[in-house]
Amino acid sequence: MLEHIKERIFRVSIEAEKEGLIRHKSGNFSMKDEKTGYICITPTGQSRNDLDIDSILVVDIEGNIIENKKSLQPTSEMEMHLVAYKNRKDILAVCHTHAIHATAFAVQGKKIPPLVFESSVYGRVVPVAKYYTPGTIELAKSIIEPLRESDACLLEKHGVVTVGKDIEDAYLKMGYVEDMARIYLYSLVIGGKEPTPIEESEFIKVFGK
1 MLEHIKERIF RVSIEAEKEG LIRHKSGNFS MKDEKTGYIC ITPTGQSRND LDIDSILVVD
61 IEGNIIENKK SLQPTSEMEM HLVAYKNRKD ILAVCHTHAI HATAFAVQGK KIPPLVFESS
121 VYGRVVPVAK YYTPGTIELA KSIIEPLRES DACLLEKHGV VTVGKDIEDA YLKMGYVEDM
181 ARIYLYSLVI GGKEPTPIEE SEFIKVFGK
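Going by the UniProt record's numbering, the sequence shown runs without a break in its numbering and finishes at 209.
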């Protein structure tokens with residue numbers, strides 16, 4: 001069922017580890033099928049070396065398992081994915097990683113400002129969702145407000161979440177968030193002070209909105 005979506009999630013999860021955005025069994029990815037409303041989601045505790053498209057589960061919007069070919073458990077952060085879909089009707093994919101540079105700012109509870117125009121890819125700012133224990137409903141709900149501001153948010157002391165129109169779009173945004181975090185960090189080191197963000201009026205000049 002939904003093999004075409006599972007294949008795309010599989011490819012992105014492999015690429016994310018190759019790019020260093022996740023390690024070993026960390027991180028999770030999902031994509032919603034627009035026609036059925038079902039969600040394909042990665043399992044918990046599964047090494048990428050053991051992952052294939054049959055490892056990816058299919059659930060409904062309430063988290064009920066529709067298909068589970070390998071008798072695996074869905075990611076422990078499934079509720080966070082479901083909350084994202086319920087509160088952002090315009091999205092069809094969610095990525096969650098522990099990208100090093102972005103997570104460093106998440107540990108500090110420090111949002112990433114729009115320092116270069118590429119930040120427009122995900123919505124200018126990367127806000128911070130308040131810390132809650134991983135895997136809890138409280139953590140899941142913490143992303144609601146930040147994801148109204150941007151297609152990316154930091155999870156305080158935890159990691160990063162991005163959303164998009166499909167899994168490739170959400171993953172692209174994840175890469176940009178990590179790039180922006182690296183630029184922010186380097187600019188703090190080089191300049192020794194907070195850099196000046198790009199004004200919203202400048203984004204409007206370039207993008208018209």
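Glycine included, each C-beta is placed from N, C-alpha and C at the ideal position.
No experiment lies behind these values; they were computed from the predicted model shown.
- Non-local beta-carbon contacts of Glu156 in its own chain, meaning distances under 7 Å to residues more than five positions away in sequence, involve Ala106, Gly109, Val128, Ala129, Lys130 and Tyr131 in chain order.
- Considering only Leu57, Glu77, Glu62 and Gly27, the residue with the shortest C-alpha distance to Lys69 is Leu57.
- The C-beta distance from Val126 to Met180 rounds to 7 Å, short enough to meet the 8 Å contact threshold.
- If you ignore the 5 residues before and after Val177, its C-beta comes within less than 8 Å of the C-beta of Ala99, Ala102, Ile112, Tyr122, Val126, Ala152, Val160 and Thr162, all in its own chain and listed in chain order.
- Of the candidates Pro195, Leu154, Glu15 and Ile41, the residue whose Cα lies closest to the Cα of Glu77 is Ile41.
- When DSSP states are grouped into helix, strand and coil, Leu154 belongs to the strand group.
- Looking at Met80, Ile9 and Tyr38, the one whose alpha-carbon comes closest to that of Pro146 is Met80.
- Ser119: not part of any alpha helix (DSSP H); DSSP gives it neither H nor E.
- A direct Cα-to-Cα measurement between Asp33 and Ile204 gives close to 33 Å.
- Residue nearest to His158 within the set Arg8, Ile53 and Ser26 is Ser26 (criterion: CA-CA distance).
- Taken through DSSP and simplified to helix, strand or coil, Lys32 comes out as strand.
- The C-alpha of Ser55 lies about 24 Å from the C-alpha of Ile137.
- Pairing Leu2 with Thr44 gives a Cβ-Cβ distance that is not under 9 Å.
- With fewer than 16 other beta carbons inside 10 angstroms of its own, Phe207 counts as exposed.
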